[in-house]
Amino acid sequence: MSSPVPYSKPKSTAIALNHVSKIYANGTVALQDMNLAIEDGQFVSLVGASGCGKSTALRLIAGLGQMSEGSITWGDHQPQKELAFVFQEPSLLPWATVIENVRLPLKLAGMKDRDSRSQVQEVLHLVGLDSFAQAYPRELSGGMKMRVSIARALVTKPKILLMDEPFGALDEMTRAKLNADVLHLWQQGDGNGDRYTVVFVTHNIYEAVYLSQRVVIMAPRPGRVVGEVAIEAPYPRTEEFRTSRISNEYCREISGRLAAAGAGTEYYDEQINTR
Amino acid sequence: MTKFSLDLAPIPITKSLPAQTSLGEKLVKQVTSIDFIAPLVVGVIALLIWEVLVKVTNLPPFLLPGPILVLQTLIKDWGELFTSLIITFQITLVAFIAAVISGVLISVLFIQSKWVERSFFPYAVVLQTTPIVAIAPLIILWIRRIVPEPNTTFAALVICAWIVAFFPIISNTTLGLNSVDHNLRNVFQLYRASKWQTLIYLQLPAALPYFLGGLKISGGLALIGAVVAEFVAGTGGAKAGLAYQILMASYNLQIPRMFAALLLTTILGVIIFVSLTALSDFLLKNWHESAIEREN
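As given, the protein sequences belong to chains G and X, one line each in that order.
All letters in the first sequence, in the order written, are residues 152 to 426 by this note's numbering.
All letters in the second sequence, in the order written, are residues 16 to 311 by this note's numbering.
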């Protein structure tokens, strides 16, 4: 289904998934025939129940794992250089300080510490962790660890940001705060007027509506796309938007579609549990 | 419009690190702690009972010497015993260092390919499970043909101690290298880290706690290997270690001297363990659960 985008300017495609499928060796169909074109600078969320293939799709885009069928095409990007991934867990090196963790991608790219210093300081400032540069991950709260993880993703100045349920393990207040932070970062863009292209995976409908321009609805067994809703609310989106009537209507629509698509899932779940 | 929280500095958390104390204060605190005093009291009481028992029952010293006599013998024979202690320490140290280097290298080799690990690991186990007492004579025999005197015995003993000491290092380090968090593996894969970078920045640091656990076991085993092998080798000459002193003392029924040599062996073992524990705590103090002091 086509989606109206709240931009008059024509945009080029950043990522396109063409008939992408992923079947595991044990026969599980994690993702079946997924088609999705994401435009440059767009904020797209993938929502769905566990096992709907949303994380699988994201990992395939990131090049973590082989797809069984189909292809992924890229715009003008060099995907491996301009892509960053924020994992479900903060995934920080416990033996390294915050600054060393953020520096890691640049270090792995062969950059000397001396040359990467200003770049690292900049992103630390961006996520508000300047004063924690020398702290170890264990000294930080869950939300702060996630900020470090985001800083690590942004330090390479990516064009495409892939986020895999990054705030799933956080409390509601911290999640709301980090949602606002992510939107703020996205609107700021890379400093040259270009926004990141964000693909955000979540099972939280409210989060998806608050953040995205497009919400792609997915259903499990087999994992597949069942529809899409365009969120035509202007940015910047405030805290009031989160609880606004418009937002609620979008949430209701998405949740209705999820329920329709997932009809029978309870039955399957029971079967699995009683097995 | 709500203000975006990003511009705000986060609320500083109070660091859970223990307050900075000087080395002297730390030492005093440790010496006056229950962990130190309680075993000390038990030890002193046991020694007292031992001494009294020996005195009361009039046991001859060649059956069981009292602790005071052992101490007197230690002081009297200090020259010879200390020389032996140094030799045993040298054998232990060289074997231990060789075990650490070879153990880590072999572990790194093992994780390069499952096939290498599968093919060679059983032989590391075989080497470990074969009693060192049984193969020491063979090793000594072979070494005599390769290494010229006067280093023959030293080399043979080092090899025996090494065989005993290197297995915990291999076993633990291999486990550690294979236990890297899969999320972190993904991060490295995503940023196209080379095999070498993954080893240096991810696998080796992740394996450090496991390696240090192996190190503590290996340090003690190196000493045991050195002593046991010397018992078998039964060497004499100028370069005799503590085992030789124990052996000779027992032949000559110099039981107090035997106890004194035994005491030195035990002290050496304790020093090795304590140093390795201190090293482990120092290396892990910033990040690993095992070394973090918590106030609960």
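The beta carbon of each residue, even a glycine, is placed where N, CA and C say it ideally should be.
Here the structure is a predicted model, which is why all the values come from computation and not from measurement.
Item: Helix, strand or coil at G378 (chain G) [DSSP, three-state]; Value: strand
Item: Closer than 8 Å to chain X by CB, W246 (chain G); Value: yes
Item: Near-chain G residues of the segment 180-209 of chain X (beta-carbon distance less than 9 Å), N- to C-terminal order; Value: D196, N198, L199, N201, V202, F203, Q204, L205, Y206, R207, A208 and S209
Item: Contacting residues, own chain, Cβ-Cβ under 7 Å from R388 (chain G) (five flanking each side not counted); Value: L334 and Y361
Item: Through-space distance from I307 (chain X) to T292 (chain X), alpha-carbon basis; Value: 14 Å
Item: Beta-bridge partners of L283 (chain X), as assigned by DSSP; Value: According to DSSP, which records beta bridges pairwise, L283 (chain X) is partnered with nothing at all.
Item: Any chain G beta carbon closer than 8 Å to Q105 (chain X); Value: no
Item: The segment 363-382 of chain G contacting the segment 196-212 of chain G, beta-carbon criterion three pairs below 8 Å; Value: yes
Item: Sequence-distant residues of its chain with Cβ nearer than 7 Å to V195 (chain X) (five each side left out); Value: L217, Q218 and A221
Item: Cβ-based neighbour list, G256 (chain X), same chain, cut-off 6 Å, excluding 5 preceding and 5 following; Value: S99, I102, T103 and E245
Item: Beta-carbon proximity list for F236 (chain G), same chain, < 6 Å, skipping 5 on both sides; Value: A213 and L313
Item: Interface flag, Q218 (chain X) vs chain G, CB-CB below 8 Å; Value: no
Item: CA-to-CA distance, A260 (chain G) to G413 (chain G), given in whole angstroms; Value: 43 Å
Item: Enclosing alpha helix (DSSP H) for G435 (chain G) [first to last residue]; Value: Lying before the first or after the last residue shown, residue 435 (chain G) is absent from chain G, which here runs from 152 to 426.
Item: Closer than 8 Å at the beta carbon, the chain X residues around E358 (chain G); Value: Within 8 Å Cβ-Cβ: nothing; E358 (chain G) doesn't reach chain X, min ~16 Å.
Item: 9 Å Cβ cut-off: residues of chain X touching L215 (chain G); Value: N201, Q204 and L205
Item: For L55 (chain X) and H276 (chain G), the rounded distance between their alpha carbons; Value: 53 Å
Item: Secondary structure of M297 (chain G), DSSP reduced to three states; Value: helix
Item: Residue-level contact to chain X via CB, E383 (chain G), 8 Å cutoff; Value: no
Item: Supposed contact pair P245 (chain G) and M297 (chain G) - C-beta distance, whole angstroms, cut 8 Å; Value: M297 (chain G) to P245 (chain G), Cβ: 15 Å. No contact.
Item: Entirely enclosed beta strand (DSSP E) segments - the segment 326-390 of chain G, minimum 3 residues; Value: 348-353, 365-370 and 375-381
Item: For A302 (chain G), the nearest candidate out of G:Y175, G:L243 and G:V171 (CA to CA); Value: G:L243
Item: Integer Cβ distance of V69 (chain X) from G58 (chain X), believed to fall under 8 Å; Value: That pair is no contact at about 17 Å.
Item: Neighbourhood of G118 (chain X) by C-beta, 7 Å cutoff - its chain only, sequence neighbours within 5 removed; Value: F181, I184, I185 and T188
Item: Exposed unless 16 or more other CB atoms sit within 10 angstroms - verdict on L156 (chain X); Value: exposed
Item: Simplified DSSP state of Q285 (chain G), which is helix, strand or coil; Value: coil
Item: The segment 220-227 of chain G in contact with the segment 162-173 of chain X per 3-pair CB rule at 8 Å; Value: no
Item: Integer Cβ distance of I261 (chain X) from L277 (chain X), believed to fall under 8 Å; Value: 6 Å
Item: Interface residues of chain G facing W302 (chain X) [CB-CB closer than 9 Å]; Value: L244, P245, W246, A247, Y287, P288 and R289
Item: Beta-carbon neighbours of F351 (chain G), restricted to chain X and to distances below 9 Å; Value: Per Cβ cutoff of 9 Å: no residues; F351 (chain G) is ~17 Å from chain X at best.
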